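So the structure is just underneath, and the comments pick up after that.
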Amino acid sequence: MLDKKIIENVLCAALGKGGDFAEIFVEDKYSSSIKLVGGLIENNISGRDYGVGIRIIDKLNCIYAFTNDSTEENLIKVAKEAASALQGASIDLKLNFMKSNVTNYNPIKIMPSSIEKKEKVDLMKKGYEAAKNYDSVISQVAVNYLDEEQNVLIANTEGLMGEDKRVRTRFTVGSVASKDGEMQQGFYGPGASMGFELFNKINVEEVGKEASRIAKTMAYAEHCPSGVMPVIMDNEFGGVLFHEACGHSLEAAFISKGTSVFTDKLGELVASPLLTAIDDGTIPNEWGTTNIDDEGTPTKRNLLIENGVLKSYLIDKLNGRRMNMESTGSGRRQSYKFAPTSRMNNTYIANGESNFDEIISSTENGLYAKKLGGGSVNPATGDFNFAVMEGYLIKNGKILKPVRGATLIGNGLKVLELIDMVGNDLSLGQGMCGADSGTVPAGLGQPPLRVKSLTVGGRKGDE
Amino acid sequence: MAYRELINKIFHKGKEKMEDLEVYIENSKEIEIKVFNGEIDKYSISESGGLSLRGTNNGKMGYSYTEKIDESSIDMLINEACENAEYIDSEDEEKIFVGSDDYKEIKFHSEGLSTASIEEKIDLVKKLEIEALSLDKRVTSIQECVYKEFDKSRYIVNTKGIDLSDTLNGAAIYVAVIAKDGEDIKTGMGFRLIKDISQVDYKTIAKEAVHEAISSLGAKPIKSNNYPLVIKNTIFADLLSSFASVFSSDHVQKGMSLLKDKVETKIASPLLTIVDDPDLKDGFMSRCFDDEGTKTTYKKIVDKGVLTTYLYNWKTAKKDNVSSTGNGTRGSYKSSLSISPTNFYIEKGNNTFEELIGSIDNGVYITDVAGLHSGLNPISGDFSLSASGYEIVDGKIQRPINQITIAGNFFEVLNDIDAIGDDLEFGLPSLGYFGSPSIKINSISISGE
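Protein chains in written order, with the working numbering: chain A, 2 to 464; chain B, 92 to 540.
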């Protein structure tokens with residue numbers, strides 16, 4: 002993507018005023034997105050992202066610069082400008098790049114760019130029809146198709162040079178159900194680090210029906226009651242619980258500065274002994290899988306919590322320096338416009354022993370959150386929140402009726418201790434995770450599990 | 092302009108395949124300075140941009156973009172835009188605009204940022220961090236202390252004769268502190284949106300952040316019930332921002348806004364007036380023309396509780412047989428044309444903040460919410476948000492409250508406004524620039540203990 006000699010010259014210029022590490026990140030990304038609303042293709046946009054990010058690290062300080070202009074002349078100019086923030090002496094560099102052998106966890110069978118747009122459009126219309134015809138209560142359906150091919154090259158003054166090709170495809174359906182002047186939404190959006198063969202794995206009609214099923218269910222649901230109660234979260238996107246309640250707070254960006262509730266807690270019991278949690282950037286073709294992270298470190302499977310005991314953090318190079326620890330292959334960034342930092346890849350809670358029916362039937366009264374929406378967390382306090390997209394009240398060990406508009410809030414450290422049942426059918430969902438280094442695809446998942454007591458925020462008083 | 096030759100080549104070649112074409116170029120310079128423990132933790136500078144091409148092919152609009160702005164991209168841009176247009180089957184007419192008759196000539200670019208040296212900016216963030224750490228022993232560390240600046244230019248040139256450009260800049264400085272008291276940890280934040288660095292009073296920003304963290308130590312939930320509520324100005328601005336799409340004509344036309352058929356009807360308390368003001372002097376969305384070259388205008392969207400208009404771009408206006416309101420926007424050169432507000436705010440009312448609080452016997456003052464991107468639904472208007480603040484007893488702010496949720500419906504809240512403060516402030520800009528005074532609501536459902 003960029004000549005070795007140019008890379009060398011740029012890295013040398015970057016360390017022209019001191020600093021002990023320099024890195025270049027080159028990105029060339031082609032993406033295509035198509036939007037269908039109300040049965041008609043409304044938007045169709047494609048293009049090329051192209052740019053270079055240059056990072057200089059001087060002990061614990063980081064300087065970052067980026068540009069779209071990758072001529073040698075301009076890159077050296079940008080590197081020198083960035084270096085001018087330091088006042089040290091030039092460092093004599095002898096670089097001998099070692100191309101590392103990386104495992105390819107994301108084999109691509111059909112490049113999306115090889116498929117005619119017509120075929121993509123036809124799939125969208127199929128998904129639309131299935132969603133729209135699901136029920137007369139469905140008043141609007143939007144379908145989005147997205148594919149991207151991101152090529153990255155990362156080289157640094159440690160002699161590392163790595164390249165990766167990330168191909169991702171996603172298909173999402175959003176349905177709106179209207180009833181008595183009110184509107185409710187349902188959403189389902191599977192995606193993978195895969196090419197067009199994604200559509201051999203998923204059925205677009207089923208995706209459409211699922212979005213409409215949720216919208217319809219919520220249109221007939223009552224407002225959720227408020228209060229503190231046991232909450233059962235289902236598998237797949239239920240993994241947002243761990244992602245928000247704990248995952249972010251394990252990121253080295255917070256740990257290294259002592260601004261996370263999990264700082265200095267390695268080896269301690271921080272959760273229910275039923276809980277084992279993993280972040281794994283190597284699950285084949287999974288949404289958050291990459292062969293190397295955005296600092297060129299190979300991704301790995303990181304055991305975060307084992308039987309309740311904190312085993313590892315998510316670490317990038319810079320924060321690793323502050324902590325005196327090695328990178329866990331967790332340095333990620335949205336694009337060349339962002340300096341990398343520690344992030345999650347695919348984060349999930351491992352299977353336990355209970356089955357789903359057991360969990361429901363042993364819950365006298367509570368909330369069953371079948372589908373969760375997004376959430377957020379303040380890593381300093383551990384306070385988190387997330388939305389329930391599809392929820393049901395449980396009465397006397399049985400699922401009673403759907404309820405809508407619930408938000409779950411709590412504190413990360415406390416909620417992990419309150420997990421008292423873990424199911425045995427783990428599955429993964431796909432999300433987009435926004436933080437300091439931009440928005441990156443993140444996989445998440447869990448088996449169904451129960452939190453003994455959690456604050457449920459709804460609009461109705463206690464039942 | 093350096094791109095003139097390239098644009099001419101694109102038009103020349105593009106005209107062979109398409110009817111009308113438009114090039115939109117955005118360039119931005121950004122600076123970000125983060126300080127931690129007195130040192131520069133991160134210093135980021137950039138100059139980048141992209142070019143978007145859109146054009147009509149048999150009356151349908153196709154889009155493409157590139158960040159490699161040179162001749163090597165010309166063929167890709169034209170072929171992609173042309174092919175993308177082929178698949179559009181929406182019947183809505185979409186044209187390249189010929190331009191407005193006249194444009195205001197207001198300069199929104201501030202010298203107070205562009206002439207200040209980088210050393211001055213670094214010095215300011217460092218001082219802010221030191222100040223925030225010095226005010227109270229219980230402040231144990233700084234979560235973030237950041238200065239962020241943008242300087243953005245736009246060019247719109249099309250084959251119908253539009254040839255426009257402008258520049259806009261702005262900056263934000265903020266500090267988030269962590270306070271500890273035993274096992275109890277709380278955070279607080281202070282920020283300012285700035286157009287002139289010499290005007291920044293960093294001591295007050297630090298004071299606000301520290302006050303928010305310290306005063307919320309010992310916070311506990313309140314009993315679940317319905318309470319009268321005062322919502323802090325910048326937080327209500329965030330809420331307004333999250334629901335702004337309900338005013339978009341595009342959402343209305345697609346049946347995704349409950350404001351359908353509500354123009355000229357009362358949708359809110361008569362106390363409420365919402366303004367879209369592209370001329371605002373220090374606004375971060377101030378502009379004389381929108382992203383398709385339509386001149387912008389000051390307008391009241393809600394006037395004393397009555398909805399007066401939706402926000403339009405050229406395409407949606409045509410569909411409703413009205414004129415564009417100058418709200419055609421692009422998220423970036425990577426996005427197609429959509430609709431968003433410019434500087435969008437609730438007009439200030441007649442009550443002081445003290446009067447709002449003083450009028451409540453038993454209620455809650457909300458100073459922060461979380462989950463705005465997930466805990467609310469712009470289509471139904473329903474929201475349920477994690478919140479924190481203070482209990483109000485006998486007209487006075489009392490103990491801190493956290494781990495509660497406030498839940499309701501945006502449209503019901505607009506009708507339930509009981510009083511509006513005179514303390515209009517703008518929130519930290521994410522997509523757009525939203526402002527509000529502090530607002531008193533008669534009753535909202537709170538879930539706590």
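Where is the CB? At the ideal position from N, CA and C, for every residue including glycine. Remember, predicted model here, so these are calculated numbers, not experimental data.
Between Phe375(B) and Leu284(B) the beta-carbon gap is near 7 Å, inside 8 Å, which marks them as a contact. Scanning Thr72(A), Lys453(A), Leu417(A), Ile109(A) for the CA closest to the CA of Pro274(A) turns up Leu417(A). In the DSSP annotation of this structure, the continuous segment of the beta strand (DSSP E) that includes Gln447(A) starts and ends at 439–447.
Going by C-alpha positions, Ala270(B) is about 53 Å away from Glu171(B). Sequence-distant Cβ neighbours of Ala178(A) in its own chain, meaning closer than 6 Å and more than five residues away, are Val138, Ile139, Gln185, Ala216, Lys217, Ala220. Taking 8 Å as the cut-off, the beta carbon of Ile77(A) is found closer than this to the beta carbon of Val11(A).
Residues Gly472, Asp473 of the same chain have their beta carbon placed closer than 7 Å to that of Asn500(B), with the five preceding and five following residues left out of the count.
Residues are counted here when their Cβ sits less than 7 Å from a Cβ of chain A; for the stretch 334–362 of chain B these are Lys345, Gly346, Met347, Leu349, given in chain order. The way I'd put it, the stretch 264–282 of chain B does touch the stretch 293–300 of chain B; three or more beta-carbon pairs between them come closer than 8 Å. Any Cβ of chain A closer than 8 Å to the Cβ of Phe380(B) would place that residue at the interface, and such an atom is absent. Taking the Cα positions, Ile293(A) is about 36 Å away from Ser333(B).
If you check each beta-carbon in the stretch 378–405 of chain B against every beta-carbon of chain A, none falls closer than 9 Å. Apart from sequence neighbours up to five positions away, the residues of its chain that approach Gly128(A) with a beta-carbon distance below 8 Å are Val144, Phe172, Val174, Val205, Glu206, Val208, Gly209, ordered along the chain.
The beta carbon of Met326(A) does not come within 8 Å of any beta carbon belonging to chain B, so the residue lies off that interface. Between the alpha carbons of Leu242(A) and Pro449(A) lies a distance of about 11 Å. Here Arg95(B) carries a helix assignment [DSSP, helix/strand/coil]. The beta-carbon of Lys338(A) is placed less than 8 Å from the nearest beta-carbon of chain B.
Ranked by Cα distance from Leu168(B), the options Asn468(B), Leu447(B), Tyr424(B), Pro520(B) are led by Tyr424(B). For Phe127(B), the chain A residues whose Cβ falls inside 7 Å of its Cβ are Lys258, in order along the chain. Annotation note: the stretch 395–457 of chain B contains the following uninterrupted beta strand (DSSP E) runs of length 3 or greater, listed N- to C-terminal: 434–437. Residue state for Gly240(A) is assigned as helix, using DSSP reduced to three classes. Exposure of Asn102(A) is indicated by the presence of fewer than 16 other C-beta atoms within 10 angstroms of its C-beta. Secondary structure within the stretch 328–394 of chain B: the beta strand (DSSP E) runs of 3 or more consecutive residues, fully enclosed, are 365–367, 390–394 (chain order).
CA-CA distance, Ile430(B) to Asn418(B), rounds to 6 Å. For Glu73(A), there is no enclosing beta strand (DSSP E); the residue is found in the alpha helix (DSSP H) stretching over 73–84. Between Ile361(A) and Ile316(A), the CB-CB gap reaches or exceeds 8 Å. When the five nearest sequence neighbours on each side are left out, the beta carbons in the same chain lying within less than 6 Å of the beta carbon of Gly384(B) are those of Phe188, Gly190, Ile247, Ile253, Leu255, in order along the chain. Flagged as an interface residue toward chain B: Glu82(A), by a C-beta distance shorter than 8 Å.
Annotated three-state conformation of Asn175(B) is helix, per DSSP.
About 5 Å separates the Cβ atoms of Gly480(B) and Thr458(B), confirming a contact at the 8 Å cut-off.
Annotation for Leu154(A): Met2, Leu3, Val27, Glu164 place their beta carbon closer than 7 Å to its own, counting only its chain and skipping 5 residues before and after. For the set Ile256(A), Leu305(A), Met234(A), Asn286(A), the Cα lying nearest the Cα of Ser454(A) is the one of Met234(A). For the stretch 482–495 of chain B, the set of residues with a beta-carbon nearer than 8 Å to any beta-carbon of chain A comprises Asn493, Gln494, Ile495, in chain order. Interface criterion not met: the Cβ of Met376(B) is under 8 Å from no Cβ in chain A. Scanning the stretch 264–297 of chain A for uninterrupted beta strand (DSSP E) segments of 3 residues or longer gives 278–281, listed from N- to C-terminal end. Cβ proximity to chain B below 7 Å picks out Glu183, Met184, Gln185, Gln186 from the stretch 181–214 of chain A.
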